[in-house]
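Numbering (this note's numbering), first residue to last: 3 to 384. Think of the CB as a built atom: it goes at the ideal place given N, C-alpha and C, for glycine as much as any other residue. Note that the structure is predicted; figures quoted are calculated from it, not measured.
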Amino acid sequence: MTTGVALALALVLVMTLGPNKDQETQAESGALPMAPRLPAPKDTGPAPTVPAPTPEQLQKQPWMHKLTPGEKPPQFVLFSFDGAVSKQHWDKVLPLAKQTGAHVTGLLSGVYMLSDQDKMQYQPPAGLKRGVSDISFGGSRQDIQARIGYLNQVIDDGHEIGTHYNGHFCSGGTQPSVDKWDTNAWNAELDQFNQIVAQARANGFKLPADAVRGGRTPCLEGNWDQAFPAMASRGLVYDTSKVALGVQWPSVQNGLYEFPMPEVKVPALGKQVVMMDFNLWYSLNGAKEEPQRAGEFTQIVVDTYRSVYRAAFNGNRAPLVIGNHFNEWNGSAFSNAMEQFLGEVCDEADTVCATYTEVIQWMQLQDPAVLDQLRRMPAARN
3 MTTGVALALA LVLVMTLGPN KDQETQAESG ALPMAPRLPA PKDTGPAPTV PAPTPEQLQK
63 QPWMHKLTPG EKPPQFVLFS FDGAVSKQHW DKVLPLAKQT GAHVTGLLSG VYMLSDQDKM
123 QYQPPAGLKR GVSDISFGGS RQDIQARIGY LNQVIDDGHE IGTHYNGHFC SGGTQPSVDK
183 WDTNAWNAEL DQFNQIVAQA RANGFKLPAD AVRGGRTPCL EGNWDQAFPA MASRGLVYDT
243 SKVALGVQWP SVQNGLYEFP MPEVKVPALG KQVVMMDFNL WYSLNGAKEE PQRAGEFTQI
303 VVDTYRSVYR AAFNGNRAPL VIGNHFNEWN GSAFSNAMEQ FLGEVCDEAD TVCATYTEVI
363 QWMQLQDPAV LDQLRRMPAA RN
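What follows is the structure, encoded as structure tokens:
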């Protein structure tokens, strides 16, 4: 991969919606086009736990039960959004989710809860300069307060907030990038995230301190042997950054559940791609803006989602991770595809659009031997 391509991936600009609208991420950089499939660490560690489902949950979610002999698991679909602060996109997703009974996960970039005038409060790790972020900051203090208001609605509706860390330092951008960070750097980044969220909580943010249970690293990058110990020590129980061939059941790796991003076939192209919106865009036209092709790209992506869903549903029933950003890339082709698929798949029989925590809660109810059997099944490949 050339340096120019790497820089283009890492330096996608954050855009604003105009002087009278709050500053929101429209185009965080995505993962590398061919994120590597890395072997699982040998030391899996004990399975982490999350709080058991409440009686209210059990009443509202009849699928949240121990499987009976011969019963298949539901087909979980995990919609997750990196950055996760765009009101105009939440305004589309929340009604769709309510209509279909879906729960989704927003992976919050901490710097979006820190105003531009307060940016010097953020000290990036690994020797980076104070007040630096490759995805900018959160706008005015008034923008932050408005953001707290609509993210509280996200929480009230039963959706999950995880972490996308803070400064989004990817290869090709500001160095040293996250793939070079050691455990101390990841500890510092998570401590900064927690401090920023605590400050927002003091201003009315409803996100409890123990509710952030996992996240996705910037650009799917990281030295996992260094990153995972920091995640576990800061109370995280899952990660969703690694790449796996096909759709696989989450496994415990270095003390965390790993929900891998699937590498799948795009039927229209006949080639394998990591199923993340930016990767799909890159595979279609090198991530060039061609809004006149928005409808074409939307259809290709929806067809890919459908194909992968069918493979998992008719195969191992492993949770299907749908990774996205709140963006308007290529005439909103990829956001439109996500919204269309969410609207249709979450209404399918034996299908549950859930959060990562909800899937872990379900797994905790199962016989460990049943989970082992599911993990031994071949990965679902379209």
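_Just to confirm my understanding: we take Arg-378, look at its own chain, exclude 5 residues before and 5 after, and list those with CB closer than 6 Å. What are they?_
Locating residue 378 in the sequence shown gives position 376, counting from the first residue. If we look at Arg-378 and ignore the five residues flanking it on each side, it has no Cβ neighbours.
_Those runs of the alpha helix (DSSP H) which lie wholly inside the stretch 71 to 119 and span at least 4 residues_ = Within the stretch 71 to 119, the complete alpha helix (DSSP H) runs of at least 4 residues are 89 to 102.
*Of all the options Asn-318, Gly-317, Lys-182, Ser-334, which has the alpha carbon lying nearest to the alpha carbon of Pro-293?*
Stepping through the sequence shown from its first residue, residue 293 is reached at position 291. Its Cα nearest to that of Pro-293, the residue Ser-334 stands out among Asn-318, Gly-317, Lys-182, Ser-334.
*Val-106 and Ser-82 look like a contact to me (Cβ under 8 Å); what is the Cβ gap, rounded to whole Å?*
Within the sequence shown, the letter at position 104 stands for residue 106. Within the sequence shown, the letter at position 80 stands for residue 82. Correct: roughly 7 Å between the Cβ atoms.
*Measure the CB-CB distance between Gly-140 and Leu-116 and report whether it falls below 9 Å.*
In the sequence shown, the residue the question calls residue 140 occupies position 138. In the sequence shown, the residue the question calls residue 116 occupies position 114. The beta carbons of Gly-140 and Leu-116 sit closer together than 9 Å.
*Can you grab the Cα-Cα spacing for the pair Gln-197 / Met-233, in whole Å?*
Here residue 197 refers to the residue found at position 195 when the sequence shown is read from its first residue. Here residue 233 refers to the residue found at position 231 when the sequence shown is read from its first residue. Those two C-alpha atoms are separated by around 15 Å.
*CA-CA distance, Gly-175 and Asp-136?*
Along the sequence shown, one-based indexing puts residue 175 at 173. Along the sequence shown, one-based indexing puts residue 136 at 134. If you take the alpha carbons of Gly-175 and Asp-136, they lie about 7 Å apart.
*For Leu-34, which of helix, strand or coil comes out of DSSP?*
Working through the sequence shown from its first residue, we reach residue 34 at position 32. Only weak support exists for where Leu-34 lies, its pLDDT of 41 falling under 50; the coordinates are left without a value.
*Distance CB(His-166)-CB(Arg-215) smaller than 9 Å*: To locate residue 166, count along the sequence shown from 1; it is residue 164. To locate residue 215, count along the sequence shown from 1; it is residue 213. No; because the gap between Cβ atoms is not below 9 Å, this pair is not in contact.
_Below 8 Å on the Cβ atoms is my contact criterion, and I expect Phe-261 with Val-323 to pass it. Report the Cβ-Cβ distance as a whole number of Å._
Reading the sequence shown from its first residue, position 259 is the one you call residue 261. Reading the sequence shown from its first residue, position 321 is the one you call residue 323. That pair is a contact at about 6 Å.
*May I ask you to report which of helix, strand or coil DSSP gives Leu-222?*
In the sequence shown, the residue the question calls residue 222 occupies position 220. Helix.
*Quick one: give me the first and last residue of the beta strand (DSSP E) that Pro-264 is part of.*
Locating residue 264 in the sequence shown gives position 262, counting from the first residue. It spans 263 to 268 - the beta strand (DSSP E) in which Pro-264 sits, taken as one unbroken run.
*With a floor of 3 residues, list each beta strand (DSSP E) that falls wholly inside the stretch 151 to 198, ordered by position along the chain.*
162 to 165
*Going by beta carbon distance, what residues of the same chain come within less than 8 Å of Lys-68, once the five residues before and after it are set aside?*
Here residue 68 refers to the residue found at position 66 of the sequence shown. Only Leu-367, Gln-368, Asp-369 meet the Cβ criterion.
_With H, G and I counted as helix, E and B as strand and the rest as coil, what does DSSP make of Ile-302?_
By 1-based counting over the sequence shown, the position of residue 302 is 300. In this structure, Ile-302 counts as helix in the three-state DSSP scheme.
*Any idea if Gln-119 is buried or exposed, counting beta-carbon neighbours within 10 angstroms, 16 or more meaning buried?*
What you label residue 119 is simply residue 117 of the sequence shown in a count that begins at 1. By the neighbour-count rule (16 or more Cβ atoms within 10 Å), Gln-119 is not buried but exposed.
*With distances taken Cα to Cα, identify the nearest neighbour of Ala-104 among His-170, Asn-384, Val-79, Asp-305.*
Counting from 1 along the sequence shown, the entry for residue 104 is found at position 102. For the residues His-170, Asn-384, Val-79, Asp-305, the minimum Cα distance to Ala-104 belongs to Val-79.
*Can you tell me which of Asn-332, Phe-328, Tyr-358 puts its alpha carbon nearest to the alpha carbon of Gly-85?*
Looking up residue 85 in the sequence shown gives position 83. Out of Asn-332, Phe-328, Tyr-358, Phe-328 has the C-alpha closest to the C-alpha of Gly-85.
*Could you check the C-alpha separation between Tyr-152 and Gly-72 for me, to the nearest Å?*
Looking up residue 152 in the sequence shown gives position 150. Looking up residue 72 in the sequence shown gives position 70. One C-alpha to the other measures close to 43 Å.
*So who's on the other strand from Asp-241, going by DSSP bridges?*
Counted from its first residue, the sequence shown places residue 241 at position 239. Paired residues: Gly-217, Glu-260.
*Any idea what DSSP makes of Val-372, helix, strand or coil?*
Locating residue 372 in the sequence shown gives position 370, counting from the first residue. In this structure, Val-372 counts as helix in the three-state DSSP scheme.
*Which class does Lys-131 belong to by DSSP, given the choice of helix, strand or coil?*
Sequence index remark: in the sequence shown, residue 131 carries index 129 (1-based). Here Lys-131 sits in coil by DSSP.
*Look at Ile-163 and Ala-213 and say whether their C-beta atoms are less than 9 Å apart.*
Here residue 163 corresponds to residue number 161 of the sequence shown, with the count starting at 1. Here residue 213 corresponds to residue number 211 of the sequence shown, with the count starting at 1. In this structure, Ala-213 lies closer than 9 Å to Ile-163 by Cβ.
*Distance, Cα to Cα, Pro-53 vs Gln-363?*
Your numbering for residue 53 matches position 51 in the sequence shown. Your numbering for residue 363 matches position 361 in the sequence shown. If I take the Cα positions, the gap works out to 7 Å.
*Buried or exposed: where does Met-365 fall if 16 or more other Cβ atoms within 10 Å of its Cβ makes it buried?*
Numbered from 1 along the sequence shown, position 363 holds the residue referred to as residue 365. Flag for Met-365 reads buried.
*Verify whether the separation of the beta carbon atoms of Arg-308 and Phe-343 is less than 9 Å.*
For the purposes of this step, residue 308 is identified with residue 306 of the sequence shown, where counting begins at 1. For the purposes of this step, residue 343 is identified with residue 341 of the sequence shown, where counting begins at 1. Cβ distance < 9 Å, so Arg-308 and Phe-343 count as in contact.
*Assign Pro-64 to one of two classes, buried (16 or more other C-beta atoms within 10 Å of its C-beta) or exposed (fewer than that).*
Translated into the one-based positions of the sequence shown, residue 64 becomes position 62. Exposed, since its Cβ has fewer than 16 Cβ neighbours within 10 Å.
*Would you tell me roughly how many angstroms separate the C-alpha atoms of Val-268 and Ala-289, rounded to the nearest one?*
Within the sequence shown, the letter at position 266 stands for residue 268. Within the sequence shown, the letter at position 287 stands for residue 289. Whole-angstrom Cα-Cα distance: 16 Å.
_Inter-residue Cα distance where the pair is Phe-299 and Met-340_ = If you number the sequence shown from 1, residue 299 lands on position 297. If you number the sequence shown from 1, residue 340 lands on position 338. Roughly 12 Å between the two C-alpha positions.
_Identity of the residue in Gly-272, Tyr-311, Gln-375, Ala-382 nearest Cys-355 by Cα_ = Along the sequence shown, one-based indexing puts residue 355 at 353. The shortest Cα separation from Cys-355 among Gly-272, Tyr-311, Gln-375, Ala-382 belongs to Tyr-311.
*So Arg-143 packs on Val-87, CB below 8 Å; how close in whole Å?*
As a first step, residue 143 must be located in the sequence shown, where it is residue number 141. As a first step, residue 87 must be located in the sequence shown, where it is residue number 85. Not quite, the Cβ-Cβ distance comes to about 15 Å (not below 8 Å), so this is no contact.
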